[in-house]
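Enquirer: Sharing a structure here in structure tokens format.
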Amino acid sequence: MNPRLLAVRAGLSRGGIELRQTLTSPTDLITFVLMTGGFLAAMLSARHTLLPGTAVSLGTSRLVSVLALDVGMYAVLWMADRLVGDREDGTLLRAKAIPHGMLGYLVGKVVSISAQVLIAVAATLLAGAFLVAGLAIGSPGGWLTLAWVLVLGLLATLPLGAVLGSLFPNTRTTALIFLVLGGLAAISGIFYPITRLPVFLQWTGQVFPLYWLGLGMRSALLPHAMAVVEVGHSWRQPATVAVLLAWAIAGLVLAPVVLRRMARRESGSRVAARREKAMRG
Amino acid sequence: MSAIFRSMDCVLDVSGLRMRYGQTDVLAGVSFTAGRGEVLALLGPNGAGKTTTIEILEGFRMRSAGRVSVLGTDPAHGGEAWRARTGVVLQSWRDHSRWQVRELLAHLGRYYAPYSTPGLTRPWDVDDLLATVGLSEHARKRVRTLSGGQRRRLDVAIGIVGRPELLFLDEPTAGFDPQARREFHDVVHRLADREQATILLTTHDLDEAERLADRILILAGGAIIADGSADQLSRAMSTRCEVRWSRDGQRFVHAADDATAFVRDLFRQYGESIQDLEVRRTSLEETYMALVREAENSGPRRLTAVAA
Ligand SMILES: Nc1ncnc2c1ncn2[C@@H]1O[C@H](COP(=O)(O)OP(=O)(O)O)[C@@H](O)[C@H]1O
Ligand SMILES: [Mg+2]
Numbered sequence: 001m002n003p004r005l006l007a008v009r010a011g012l013s014r015g016g017i018e019l020r021q022t023l024t025s026p027t028d029l030i031t032f033v034l035m036t037g038g039f040l041a042a043m044l045s046a047r048h049t050l051l052p053g054t055a056v057s058l059g060t061s062r063l064v065s066v067l068a069l070d071v072g073m074y075a076v077l078w079m080a081d082r083l084v085g086d087r088e089d090g091t092l093l094r095a096k097a098i099p100h101g102m103l104g105y106l107v108g109k110v111v112s113i114s115a116q117v118l119i120a121v122a123a124t125l126l127a128g129a130f131l132v133a134g135l136a137i138g139s140p141g142g143w144l145t146l147a148w149v150l151v152l153g154l155l156a157t158l159p160l161g162a163v164l165g166s167l168f169p170n171t172r173t174t175a176l177i178f179l180v181l182g183g184l185a186a187i188s189g190i191f192y193p194i195t196r197l198p199v200f201l202q203w204t205g206q207v208f209p210l211y212w213l214g215l216g217m218r219s220a221l222l223p224h225a226m227a228v229v230e231v232g233h234s235w236r237q238p239a240t241v242a243v244l245l246a247w248a249i250a251g252l253v254l255a256p257v258v259l260r261r262m263a264r265r266e267s268g269s270r271v272a273a274r275r276e277k278a279m280r281g
Numbered sequence: 282m283s284a285i286f287r288s289m290d291c292v293l294d295v296s297g298l299r300m301r302y303g304q305t306d307v308l309a310g311v312s313f314t315a316g317r318g319e320v321l322a323l324l325g326p327n328g329a330g331k332t333t334t335i336e337i338l339e340g341f342r343m344r345s346a347g348r349v350s351v352l353g354t355d356p357a358h359g360g361e362a363w364r365a366r367t368g369v370v371l372q373s374w375r376d377h378s379r380w381q382v383r384e385l386l387a388h389l390g391r392y393y394a395p396y397s398t399p400g401l402t403r404p405w406d407v408d409d410l411l412a413t414v415g416l417s418e419h420a421r422k423r424v425r426t427l428s429g430g431q432r433r434r435l436d437v438a439i440g441i442v443g444r445p446e447l448l449f450l451d452e453p454t455a456g457f458d459p460q461a462r463r464e465f466h467d468v469v470h471r472l473a474d475r476e477q478a479t480i481l482l483t484t485h486d487l488d489e490a491e492r493l494a495d496r497i498l499i500l501a502g503g504a505i506i507a508d509g510s511a512d513q514l515s516r517a518m519s520t521r522c523e524v525r526w527s528r529d530g531q532r533f534v535h536a537a538d539d540a541t542a543f544v545r546d547l548f549r550q551y552g553e554s555i556q557d558l559e560v561r562r563t564s565l566e567e568t569y570m571a572l573v574r575e576a577e578n579s580g581p582r583r584l585t586a587v588a589a
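Protein sequence lines correspond, in order, to chains E and L.
The numbers in the first sequence follow this note's numbering, run straight up by one, and end at 281.
The numbers in the second sequence follow this note's numbering, run straight up by one, and end at 589.
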């Protein structure tokens, strides 16, 4: 069999194994439950407050925000964090030492993190469907939109996470990524309509995929009438596809270059030096 | 091994290898070769450049200058097919701590399957391999729960799961207790016997080099200052022997340059009254310390007498 193809298949099963490890690890599960639980609480507390002039509750709108963050923020963060961690403990170097190991490693990462994001999305959606009213799910059109937003969203964000993970030196600095992404969320129309922000912030927000992910999620899950608060009073789906696709292409071109450069520089002594530094400081 | 046979079957061919970090030349012209099935120990004090050398050969580090051929390929441009023929065990690993032992070995082995040849099936059968390194009863354990010695044997198992033609081991037993060390040595012996693999290992422990290697390369002062079997090395370095004997109940000690001639004379003179004769060459330990001291003080001087 073709070695590349085989490495991709090995990577798929690697992703499955990693996912199982996450789902059976108490610490990972607790983090996950606390995170989702916190979001659910925020949703529930606002489920009877209607957004002014609409039939949609604040809770419903928060739920959609959480879905956007799952893909737009956690996919990036998890990817970057795993990559930095795996570089630190030598997992990446191990991948480099076996034929097409890096290919298998990356496929595995994409699979396990995508699955994790999708599980988070499904859990949030399931809880939300029972607990908050006004969600426009159930229409085939809505599901279809949700599907392409998720796929394009992951394609846009996972390579970005890989690039960030290649650039950050150690797991202590990845907290910075979290802060930056949090700041980005504030100007991406996730928690309130972007139209309320100063114009230059609106433009800044609309450069990044997080805004478009949020917009795509809202178009899939909120009633059509809600589009009035958006830029141009429209869901702008063609623009959403275009921007997410552009980010995906840019990421898929850039990520292999950056990853290769990072992997080429990995050696046993670098791993050992990093560990020594981590133990000292 | 004859010179012709070796040149045909050359697995490692290094000449004039140099490595400079900033202003320091860590390697200042390292040269050696290794043939198929040889077990080589690269011996040297800490900081001599053993890891640097082995990582250049593994293709993990770019050299400053020199010619390097590993399995007929320059490791700086070794592709995935070349990678499949080598095995790497670094000084220390902590990776894949959440994986189960058997699961990890089976997973990493999969990548080697397309590189089987008619005479060599890759990868190694996982259960067979677990038995070889003595980890059968730990097959379902998580990697992070293994002891230091068990972890190291897993590292070796991963290093050889693709049945490499050439295996690199960097300080494989650093931090081992004597029991773990002995078990580890058994694994390496088994490997060399059964697999006909060429093995290059680094160590700063002379005793280990002596036990494991067919040939010892001493790296000091940036160059290979000695290259030969343990026996050849001590012969070449120690020109003096200590001769002890007793005659008429009295004990004698004499340091001789030519022990054979001295003993011949001794018997000619005293014949049957010589007893408890003992001829002791300077130990390899003393040889090694002297060589390293000399190289570090006055730059490398290659022992041409044993440079095979
Ligand atoms: N990346 C590096 N940058 C600068 N100096 C280095 C680097 N790697 C190793 N050295 C130096 O090179 C010398 C040899 O190191 P190393 O190859 O690790 O020796 P050994 O493995 O024999 O102990 C040491 O003095 C070490 O400090
Ligand atoms: Mg070393």
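We put the beta carbon where it would ideally sit given N, CA and C, even for glycine.
(1) How far does the alpha helix (DSSP H) with L/Q431 in it reach, from first residue to last?
(2) Should L/K331 be listed as close to ligand 1, given that the test is whether its C-beta is under 7 Å from any heavy atom?
(3) Cβ of L/G340 versus every heavy atom of ligand 1: is any distance shorter than 7 Å?
(4) L/I505 and L/L321 - do their beta-carbons sit closer together than 8 Å?
(5) Using the Cα positions of L/A588 and L/A517, report the straight-line distance between them to the nearest angstrom.
(6) Could you tell me which chain L residues have their CB closer than 8 Å to the CB of E/T31, listed as they occur along the chain?
(7) Checking contacts by CB at 8 Å: is L/V369 closer than that to chain E?
(8) Nearest to L/R528 by alpha carbon, out of L/K422, L/L352, L/G552?
(9) Hey, how far is the Cα of L/R574 from the Cα of L/L565?
(10) In the DSSP assignment, what are the bridge partners of L/E559?
(11) Can you pull the chain L neighbours of E/T91, defined as C-beta to C-beta under 8 Å?
(12) Strictly under 8 Å for the Cβ-Cβ distance: is L/D596 near chain E by that measure?
(13) Quick one: which residues of the region 384-396 of chain L get their C-beta closer than 7 Å to a C-beta of chain C? List them in chain order.
(14) Could you give the DSSP three-state label for L/H485: helix, strand or coil?
(15) In the DSSP assignment, find the unbroken beta strand (DSSP E) run with L/S312 in it and report its ends.
(16) State the Cα-Cα distance for the pair E/G161 and L/A490, rounded to the nearest angstrom.
(17) Would you tell me roughly how many angstroms separate the C-alpha atoms of E/G339 and E/G232, rounded to the nearest one?
(18) With which residues is L/P509 paired in a DSSP beta bridge?
(19) Listing by chain order, which chain E residues have their CB less than 9 Å from the CB of L/S373?
(20) Between E/L77 and chain L, is any beta-carbon pair separated by less than 8 Å?
(21) Quick one: residues in its chain with C-beta nearer than 7 Å to the C-beta of L/S283, no 5 flanking neighbours on either side, listed in chain order?
(22) If you run the structure through DSSP and keep just helix, strand and coil, what is L/V534?
(23) According to the neighbour-count rule (16 or more other Cβ atoms, all chains shown, within 10 Å of its Cβ), is L/F341 buried or exposed?
(24) Spatial neighbours of L/S345 within its chain, please: C-beta separation below 6 Å, excluding the five flanking residues on both sides.
(25) Would a check of beta-carbon distances place E/H100 closer than 8 Å to chain L?
(26) If I measure Cβ to Cβ from E/R47 and keep anything under 6 Å in the same chain, skipping five residues before and after, which residues do I get?
(27) If contacts are defined as beta-carbon pairs under 8 Å, then E/A156 and E/G16 qualify, I think. What distance do you get, rounded to the angstrom?
(28) Quick one: is L/R364 near chain E, going by C-beta distance under 8 Å?
(29) Tell whether a beta-carbon distance below 8 Å holds between L/D508 and L/R496.
(30) Measuring alpha carbon to alpha carbon, tell me which of L/R423, L/D474, L/A455 ends up nearest L/T413.
Expert: So, from the listed chains and residues:
(1) For L/Q431, the enclosing alpha helix (DSSP H) stretches over residues 429-441.
(2) Within the cutoff, so yes.
(3) Between ligand 1 and the CB of L/G340, the shortest heavy atom gap is not smaller than 7 Å.
(4) Annotated as distal: L/L321 and L/I505, with beta-carbon spacing of 8 Å or more.
(5) Here the model assigns L/A588 a pLDDT of 40, short of 50, so the residue's position is not dependable, and the following value carries that caveat. CA-CA distance, L/A588 to L/A517, rounds to 10 Å.
(6) The premise fails here: E/T31 is roughly 15 Å from chain L at the closest Cβ pair, so nothing lies under 8 Å.
(7) Cβ-Cβ to chain E under 8 Å: yes for L/V369.
(8) Among L/K422, L/L352, L/G552, the Cα nearest to that of L/R528 belongs to L/G552.
(9) Their backbone Cα atoms lie some 14 Å apart in a straight line.
(10) Beta-bridge partners of L/E559 (DSSP): L/R525.
(11) Near E/T91 (Cβ distances below 8 Å), the residues of chain L are D376, H377.
(12) Residue 596 of chain L is absent from the model: chain L starts at 282 and stops at 589.
(13) Structure shown: chain C not included; protein chains present are E and L.
(14) L/H485 carries a coil assignment under DSSP once its states are collapsed to helix, strand and coil.
(15) 305-316 is the span of the beta strand (DSSP E), which, as asked, contains L/S312.
(16) The straight-line gap from Cα to Cα measures roughly 45 Å.
(17) Not covered by the structure: residue 339 of chain E. The range shown for chain E is 1 to 281.
(18) Here the sequence assigns Gly to residue 509 of chain L, which means Pro is not the residue at that position. According to the DSSP secondary-structure assignment, L/G509 is paired through a beta bridge with L/I497.
(19) Listed along chain E are G90, G268, V271, A272, R275, each with a C-beta nearer than 9 Å to that of L/S373.
(20) Contacts with chain L at 8 Å (Cβ-Cβ) do not include E/L77.
(21) Note that L/S283 scores a pLDDT of 44, beneath 50, so its modelled location is shaky; the value from the coordinates is reported in the next line. Nothing meets the Cβ criterion.
(22) In the three-state scheme derived from DSSP, where H, G and I count as helix and E and B as strand, L/V534 is classed as strand.
(23) By the neighbour-count rule (16 or more Cβ atoms within 10 Å), L/F341 is buried.
(24) Here the set comprises R299, M300, R301.
(25) At least one chain L Cβ lies under 8 Å of E/H100.
(26) These residues qualify, in order along the chain: S57, G59, V132.
(27) 24 Å between Cβ atoms; not a contact.
(28) Judged by the 8 Å Cβ criterion, L/R364 is in contact with chain E.
(29) For L/D508 and L/R496, yes; Cβs fall inside 8 Å.
(30) Nearest of L/R423, L/D474, L/A455 to L/T413, Cα basis: L/D474.
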